[in-house]
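Encoded as structure tokens, the structure appears first; notes follow it.
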Amino acid sequence: MGYHDTYKNWQENPEAYWLDQAKTIDWDQAPTQAMFDKGNGLYEWFADAKVNGCYNAVDRHVENGRADQVAIIHDSPITGTQTKITFAELQTRVAAVAGALQANGVTKGDRVIIYMPMVPEALEAMLACARIGAVHSVVFGGFAAHELAVRIDDCTPKAILAASCGLEPNRIVQYKPLLDSAIEQADHKPDFCMILQRDQSPCDLLPGRDLDWHAAQDGVAPADCVPVDGNHPAYILYTSGTTGAPKGVVRHTAGHLVALNWTMKNIYNVDPGDVFWAASDVGWVVGHSYICYGPLIHGNTTIVFEGKPVGTPDAGTFWRIIEEHNVRSFFTAPTAIRAVKREDPDGLEIAKYDISSLRGLYLAGERADPDTVVWAQEKLGVPVYDHWWQTETGFTIAGNPAGLEALPVKIGSPTVPMPGYDVQILDEAGHAQPAGTLGSIAIKLPLPPGTLPTLWNAEDRFRKSYLTTYPGYYETGDAGMIDEDGYLYIMARTDDVINVAGHRLSTGAMEEVLAAHPDVAECAVIGVSDALKGQAPMGFVCLSKGVNRPHSEITAECVQMVRDQIGPVAAFKLTLVVDRLPKTRSGKILRATMVKIADGEAFKMPATIDDPAILDEIKAALQTIGYAKE
């Protein structure tokens, strides 16, 4: 059955469709009903079932012939080490961590914060929580103490699992002082912390509160899997809200098992036993869905990568890993590929490695600009699939179902909605728009299994954030259009659609034009305040390595290109050459912050920013053309 038949099959009987998909999961008590309507736009999936997430990700593979298959490959170019852990070894290790948690009073429903770098123990911590029904909340390792404290107070963890440090290419990030400061700032105090001591920088443990990771497991009975209800929270993952207060996205256990398992073959085109690699971090949703749970539930080998796209040691790291570990499908952010392209525009590093195992490159996290997609297609010689989803949804809203039926790629589009998602383009009044019309992207309720049912302890905020603007729909916060073939185009965040003298214009469309300039490696377009037109677009471009032309020539060409391709209506006149763009640690460009700097408005330092110093560089560049006034 191809994509269109599958999607139609879901549309005609979603209840039967999802109950059928549920057969791929091992249940303690199988669901008799797929969807439960809780009223007022709230839905739950497989709520009458009993299941264990860790059993499905680990134990069932040990029991069904995959005991000796490698489950996790840890590849750290920073330390120069590799570790391989089989499913049998993973079962032993996870049961021991879970036993240590139980021995110290953690039970089903308790929250546990995980504050760790990209090491196998981070996945073991997540799975150990799932094993005993504890609810984990992974906070990005090295996150600022205040932001960690806010999350401690919101989810009130009984325990915090952390490491002594994290490793960056040129520095060691001490986690323990950040953790101590966060606990001091928080009103809620955890009962205990379990600390993984890393050889690169062990830390002092606080007597009476801190336990050594390995010592805490000595002599403790390994924990068995504890069945939980299908609607039991597997985890809470915080995403920054527009108010600056974090939003705790909740993921129910059963729905995410079913949905993630479906995606591994149908979207990522891997079979059990294949090596799948998502180059992300456990602190992000990609790390939850596609470093930890998705691959392991499906019986794949997953790679935990402690490194960077460039600089650990060079722009060939991705291709070395693909060759050495026989990677079938590779998932990363467009910003990572842009970084590699900027360092190695001719793809000379790619030619050093045999990447013939690779079947496809998957991009998500930011819009995949056509220039980057074309470069990757040409240099890698494999299909490049953009796909679109969010922290809230946990898996693909729109993508190319390569394992079900590889549809023709339209560069600039993440392709088509997946089963479970009825995607519509709405105007400001909530009316559906015809093909080719820009509008707000909304998803008709109910959302499919695996998506957020609510926010942690914030149901009113959940409704206000997602369900109020368009009654009966989930508001994605993204703007775009659907073409005559049903292909979706994500043009910008809704607040990145700018109004220039009454014309609604997509900054994403302008970025596509700038990215096509031969000297431009990366770019961003924002809307700045303009007394005459309301808003005016402003471009920022980073140049490829080795470009030595006058900046004034390049910016003039950029302005002309936008004028030629978007039209004079865009009123595009301002372009700045900068060394780098401000980003989150997952690679999202902080456009809203750049707008505030340009307009001279006060802003809150984004918690997830990769390097705060870049904001000063952007401010200085803006001041040279009369913006960013104090």
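In UniProt numbering, the protein residues as written are 1 to 630. Ideal placement from N, C-alpha and C gives every residue a C-beta, glycine not left out.
{"Asked": "If I follow the unbroken alpha helix (DSSP H) through phenylalanine 462, where does it start and stop?", "Found": "459-462"}
{"Asked": "One question on the structure: do glycine 255 and phenylalanine 46 come within less than 8 Å of each other, judged by their Cβ atoms?", "Found": "yes"}
{"Asked": "Only counting the same chain, and skipping five residues up and downstream in sequence, which positions put a Cβ closer than 8 Å to that of leucine 211?", "Found": "Ala100, Asn104, Phe192, Cys193, Met194, Ile195 and Leu205"}
{"Asked": "Run through the DSSP bridge pairs and tell me what serine 329 is partnered with.", "Found": "Phe276 and Gly360"}
{"Asked": "Does the distance from the C-beta atom of isoleucine 160 to that of isoleucine 113 stay below 8 Å?", "Found": "yes"}
{"Asked": "Indicate the three-state DSSP secondary structure (helix, strand or coil) for residue 634 in the structure shown.", "Found": "Residue coverage of the chain in this structure runs from 1 to 630, which leaves residue 634 outside it and unanswerable."}
{"Asked": "Pull the bridge partners of leucine 426 from the DSSP assignment, please.", "Found": "Ala432 and Ser440"}
{"Asked": "Going by C-alpha to C-alpha distance, which of Thr584, Asp485 and Ile443 sits closest to glycine 436?", "Found": "Asp485"}
{"Asked": "Roughly how many angstroms separate the alpha carbons of tryptophan 284 and glutamate 630, rounded to a whole number?", "Found": "34 Å"}
{"Asked": "Taking the alpha-carbon positions, what's the serine 201 to glycine 166 distance?", "Found": "9 Å"}
{"Asked": "Return the residue from the list Gly39, Arg171, Pro31 and Gln535 that minimises the CA-CA distance to lysine 50.", "Found": "Pro31"}
{"Asked": "For the putative contact between cysteine 558 and cysteine 542, defined by C-beta atoms under 8 Å, what is the C-beta separation to the nearest angstrom?", "Found": "With a Cβ gap of about 12 Å, cysteine 558 and cysteine 542 do not count as contacting."}
{"Asked": "Since threonine 393 and threonine 451 should fall inside the 8 Å C-beta cutoff, what is the C-beta to C-beta distance between them, to a whole number of angstroms?", "Found": "5 Å"}
{"Asked": "Would you call threonine 476 buried or exposed, if buried means 16 or more other Cβ atoms sit within 10 Å of its Cβ?", "Found": "buried"}
{"Asked": "Could you spell out where the alpha helix (DSSP H) holding leucine 179 opens and where it closes?", "Found": "175-185"}
{"Asked": "For histidine 298, is the classification buried or exposed, using 16 other Cβ atoms within 10 angstroms of its Cβ as the cut-off for buried?", "Found": "buried"}
{"Asked": "Would you report the Cα separation of serine 76 and isoleucine 498, rounded to the nearest angstrom?", "Found": "42 Å"}
{"Asked": "With DSSP as the reference, label methionine 126 as helix, strand or coil.", "Found": "helix"}
{"Asked": "For the candidate residues Arg111, Ala531, Pro120 and Val106, whose alpha-carbon lies nearest to that of phenylalanine 87?", "Found": "Pro120"}
{"Asked": "Name, in chain order, the residues that DSSP records as bridge partners for arginine 320.", "Found": "Note: arginine 320 sits in no beta bridge, so no partner."}
{"Asked": "Using a Cβ-Cβ cutoff of less than 6 Å, which residues in the same chain neighbour glycine 508 once the five nearest sequence positions on both sides are dropped?", "Found": "Arg367, Met491 and Ala492"}
{"Asked": "May I ask which residues mark the beginning and end of the beta strand (DSSP E) holding aspartate 154?", "Found": "Counting along the chain, aspartate 154 falls outside any beta strand (DSSP E), though it belongs to the alpha helix (DSSP H) covering 145-155."}
{"Asked": "Between which two residues does the beta strand (DSSP E) carrying proline 246 extend?", "Found": "246-252"}
{"Asked": "Assuming serine 529 and alanine 479 make a contact with CB atoms under 8 Å, what is their CB distance in whole Å?", "Found": "20 Å between Cβ atoms; not a contact."}
{"Asked": "Kindly indicate the opening and closing residues of the beta strand (DSSP E) around isoleucine 113.", "Found": "111-115"}
{"Asked": "Just list the residues that DSSP pairs cysteine 54 with in beta bridges.", "Found": "According to DSSP, cysteine 54 bridges with nothing at all."}
{"Asked": "When the Cα atoms are used, what is the spatial distance from threonine 263 to leucine 622?", "Found": "44 Å"}
{"Asked": "Does the beta-carbon of glycine 219 have 16 or more other beta-carbons within 10 angstroms, so that it is buried, or is it exposed?", "Found": "exposed"}
{"Asked": "Would you call the CB atoms of alanine 315 and aspartate 344 closer than 8 Å?", "Found": "yes"}
{"Asked": "What is the C-beta distance between serine 544 and alanine 333, in whole angstroms, given that I count them as a contact (C-beta under 8 Å)?", "Found": "With 8 Å as the limit, serine 544 and alanine 333 do not qualify as a contact, their Cβ atoms being about 19 Å apart."}
{"Asked": "With glycine 534 as the anchor, note down where its beta strand (DSSP E) starts and where it stops.", "Found": "534-543"}
{"Asked": "Assuming valine 270 contacts serine 329 under a Cβ cut-off of 8 Å, what Cβ separation, rounded to an integer in Å, is found between them?", "Found": "5 Å"}
{"Asked": "For glutamine 82, which residues does DSSP report across the bridge?", "Found": "Asp75"}
{"Asked": "Measuring CA to CA, which of Thr593, Leu90, Ile482 and Pro449 is closest to glycine 230?", "Found": "Pro449"}
{"Asked": "Quick test of your reading: tyrosine 487 and isoleucine 443, contact by CB under 8 Å. State the CB separation rounded to the nearest angstrom.", "Found": "Rounded, the Cβ-Cβ distance is 16 Å, inconsistent with contact."}
{"Asked": "Measuring only the C-alpha atoms, how far is isoleucine 618 from aspartate 519?", "Found": "20 Å"}
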